[in-house]
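**Q** Submitted below is the structure of interest, expressed as structure tokens.
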Amino acid sequence: MTKPSVSQSSPVPRRSSVDASASTVQEGAESADQSHCGAAGALEHLREVDRRHLWHAFTPMRTYVPFIIERAEGFELIDVDGRRYLDAESSLWCSVHGHGEPHIDAAIRAQLDRVAHVTLLGMTSDTTVRLTEQLLQRAPGFERVFYSSDGACAVEVALKLAFEYWHRIDPGTAKRKFLSFDAAYHGDTIGTLSVGGIDRFNRVFSPLFYDVIRGPCPDSYRPLSEDSTADALELYLTQARGLIAAHAGELAAVVIEPLVQCAAGIVTHPPGFLQGVAECCREHGVLLIADEIAVGCGRTGTWIACSQENVTPDLLCLGKGLSAGYLPLAATLVSPRIAEAFEGTDETPGVFCHGHTFGGNPLACAAALASLELIDRNDVLENVRERSRQLLDALAPLRAHPHVGDIRGRGLAIAVELVEEANSKRRFAASRRVGQRVCERATAAGVWLRPLQDIVVLMPPLAIDASNIERIAQVLIASVEEELGSA
Ligand SMILES: Cc1ncc(COP(=O)(O)O)c(C=O)c1O
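Per our numbering, the very first residue in the sequence shown carries number 2; after that it's consecutive.
Have a look at this one:
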């Protein structure tokens, strides 16, 4: 599949708050294409409505500068002024083959000609059934698929299924709690925030949360003990095992982001941690929920991240890349023993009282099926592994930079952590907005990036080509050097 490469000239978006005169990465502005959105007055109106009335997620609205995308081609987003940006965040971690992929577009159109929506309450579409079969073939060990529309819903479903599973086995069960990890992110509903561990997202809502047992975040860069002789895996596993063993009688499930905690800042777990936790859960009769919304669907180089540690969880959550970033779709894959507990009998029906209006929507499932065909046909998983190595190699010059603390990741989930001082790992003051400023420079140079505080997150589409990976690395290196000086 050929993708257009990013124009070598660098557009200068209006949105950058970085001083353009101080930035060589912003040089070479190209003239804007003719906008589909019409005359200057109409564009100003759009921007005004956006600024005043559209509420953007995780965005400070007082300082928001309208950034309106009109169309996209391949790996590029094109704004209303015709400026092009390489989509290095995969439209928030979900684009797989890029935008406007003809095979997926055609599959959605063909589905649209048949039926746009069929509820899953008591019926389904043939497309949704076909996707179900594909998902179960690609992730052996599961029996049923429960569909929803967003990652948070898929996790919420897993939490409720785990809770109700134990209740169905024994209505008087004490197994009603969950164990999750510090800095975890599982979505923004109250149920998923409760098991989340990112303080700045949780703080205000915490009075609404249910009680959760917390394990330390198995962070390889900032380990629990700075004693370099201590084995990080052993330290974290000992803690997790201790908590699971101590609370086994009251634990319904452990919920974990396998291998990488992406929203925490691409925090990588010591290899073996997932497997150790899975073994401990099995030993103590605790269910394991793998939240693969971010790391699944090929993002870490295998279809399912858990397979890298030979783990089959009891519940597996997929979202984001499942429909290749086209339409809202998420899924919770359910193990045979949990599915069986919900079978019910003639006297007691096995209804799971949960549903989402658009769960398993046929248009979204058609996109997902077409995406799976492309993943196979173009060997996208191998591409993820190759492009991952390439990106890490291309970023290597930054390792010597005094303000680059760490470069890490798995597959195409990679981060560059910027720090005040690399040796001590001391963070910059938040008020300096260093990560934000570096990303603004990169965006001004035509590579759209978003930070998580001072961690620059690189999450390009899984089918990205070598030249665009090179461009991401070059633009990021230039942006870091312009903001923070050379190595
Ligand atoms: C690990 C993980 N779980 C759940 C979610 C929530 O997904 P959604 O935004 O689709 O609700 C995310 C989103 O980033 C995530 O990274």
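Built from N, CA and C at the ideal position, the CB exists for glycine as well.
1. Alpha carbon to alpha carbon, how far is S149 from G297?
2. In whole angstroms, give me the CA-to-CA distance for L194 and R472.
3. Quick check on this structure: which residue in I109, Q437, Q391 has the alpha carbon closest to the alpha carbon of L453?
4. Could you give the DSSP three-state label for D88: helix, strand or coil?
5. With G320 as the anchor, note down where its alpha helix (DSSP H) starts and where it stops.
6. Using the beta-carbon count (16 or more within 10 Å), is A185 buried or exposed?
7. Residue ranges of each alpha helix (DSSP H) run of no fewer than 4 residues wholly in the segment 184 to 239, ordered along the chain?
8. Any idea if D200 is buried or exposed, counting beta-carbon neighbours within 10 angstroms, 16 or more meaning buried?
9. Is D292 near ligand 1, judged by its Cβ being under 8 Å from some heavy atom?
10. Please check the pair G101 and G83, which I expect to be a contact at CB under 8 Å, by giving their CB distance rounded to whole angstroms.
11. Alpha carbon to alpha carbon, how far is T303 from P272? Give it in angstroms, no decimals.
12. Comparing the CB of W56 with every heavy atom of ligand 1, is any distance shorter than 8 Å?
13. Grouping DSSP H, G and I as helix and E and B as strand, with all else coil, what is W94?
14. Considering S432, what are the terminal residues of the beta strand (DSSP E) in which it resides?
15. Within a Cβ cutoff of 7 Å, which residues of the same chain sit near V287, ignoring the five residues on either side of it in sequence?
16. Does DSSP put R400 in a helix, in a strand, or in coil?
17. Just how far apart, CA to CA, sit D292 and R242?
18. Check whether the Cβ of D220 lies closer than 8 Å to any heavy atom of ligand 1, and answer yes or no.
19. Using DSSP's beta-bridge definition, name the partner residues of D292.
20. Quick check on the DSSP output: what are the complete alpha helix (DSSP H) runs of length 4 or more inside the segment 119 to 170, in order along the chain?
21. Should L289 be counted as a contact of ligand 1 given a C-beta to heavy atom distance under 8 Å?
22. If we count Cβ pairs, one from each stretch, closer than 8 Å, do we get three or more for the segment 79 to 94 versus the segment 54 to 70?
23. Across which residues does DSSP place I70 in a beta bridge pair?
24. If you draw a straight line from the alpha carbon of G356 to that of L122, how long is it in whole angstroms?
25. With a Cβ-Cβ cutoff of 9 Å, do P217 and F179 count as a contact?
26. Exposed or buried, which one is G486 when buried takes at least 16 other CB atoms within 10 Å?
27. So, is L209 buried or exposed, given that buried needs 16 or more other C-beta atoms within 10 angstroms?
28. Taking buried to mean at least 16 other C-beta atoms within 10 Å of its own C-beta, is S207 buried or exposed?
29. For L334 versus A369, is the C-beta distance shorter than 9 Å?
30. Run through DSSP, which three-state label would I267 get?
31. Within the continuous alpha helix (DSSP H) that includes G277, where are the two ends?
32. Measuring only the C-alpha atoms, how far is L459 from H270?
33. Can you tell me where the beta strand (DSSP E) with D407 in it begins and where it stops?
34. What residues match up with E418 in a beta bridge as DSSP calls it?
**A** On the basis of the supplied data:
1. Cα to Cα, S149 sits roughly 16 Å from G297.
2. Computed Cα separation, rounded: 36 Å.
3. The option with the nearest alpha carbon to L453 is Q437.
4. Here D88 carries a strand assignment [DSSP, helix/strand/coil].
5. Neither: G320 is in no alpha helix (DSSP H) and is coded neither H nor E.
6. Around the C-beta of A185, 16 or more other C-beta atoms lie within 10 Å, and the residue is accordingly described as buried.
7. Whole alpha helix (DSSP H) segments, 4+ residues: 191 to 196, 200 to 203.
8. Answer is exposed; the Cβ neighbour count stays below 16.
9. Checking every heavy atom of ligand 1 against the Cβ of D292, one is found closer than 8 Å.
10. In fact, because the Cβ distance is near 16 Å, the residues do not count as touching under 8 Å.
11. So the alpha carbons of these two residues sit roughly 15 Å apart.
12. Because no heavy atom of ligand 1 lies under 8 Å away, the Cβ of W56 does not count as near it: no.
13. Judged by DSSP in its simplified three-state form, W94 adopts helix.
14. From DSSP, S432 is part of no beta strand (DSSP E); its letter is neither H nor E.
15. Excluding sequence neighbours, V287 sits near I245, A249, L252, A254, V255.
16. Reduced to three states, the DSSP call for R400 is helix.
17. The straight-line gap from Cα to Cα measures roughly 19 Å.
18. Flag unset: Cβ of D220 not near ligand 1.
19. Listed as beta-bridge partners of D292 by DSSP are C318.
20. Uninterrupted alpha helix (DSSP H) stretches at least 4 residues long and entirely within the segment 119 to 170 occur at 127 to 139, 152 to 170, given in chain order.
21. Not under cutoff, so the answer is no.
22. Contact between the segment 79 to 94 and the segment 54 to 70 is present: three or more C-beta pairs spanning the two stretches fall below 8 Å.
23. DSSP lists D80 as partners of I70.
24. Going from the Cα of G356 to the Cα of L122 covers about 8 Å.
25. Annotated as distal: P217 and F179, with beta-carbon spacing of 9 Å or more.
26. It is exposed - the Cβ of G486 has fewer than 16 other Cβ atoms within 10 Å.
27. The residue in question, L209, is exposed, as its Cβ has fewer than 16 Cβ neighbours within 10 Å.
28. Classification of S207: exposed, given that the 10 Å Cβ count is below 16.
29. Not a contact, by the Cβ cut-off of 9 Å.
30. Three-state DSSP puts I267 in coil, outside helix and strand.
31. DSSP places G277 in the uninterrupted alpha helix (DSSP H) bounded by 274 to 285.
32. Roughly 18 Å between the two C-alpha positions.
33. Taken as a continuous stretch (DSSP letters only), the beta strand (DSSP E) holding D407 covers 405 to 411.
34. DSSP lists D407, I456 as partners of E418.
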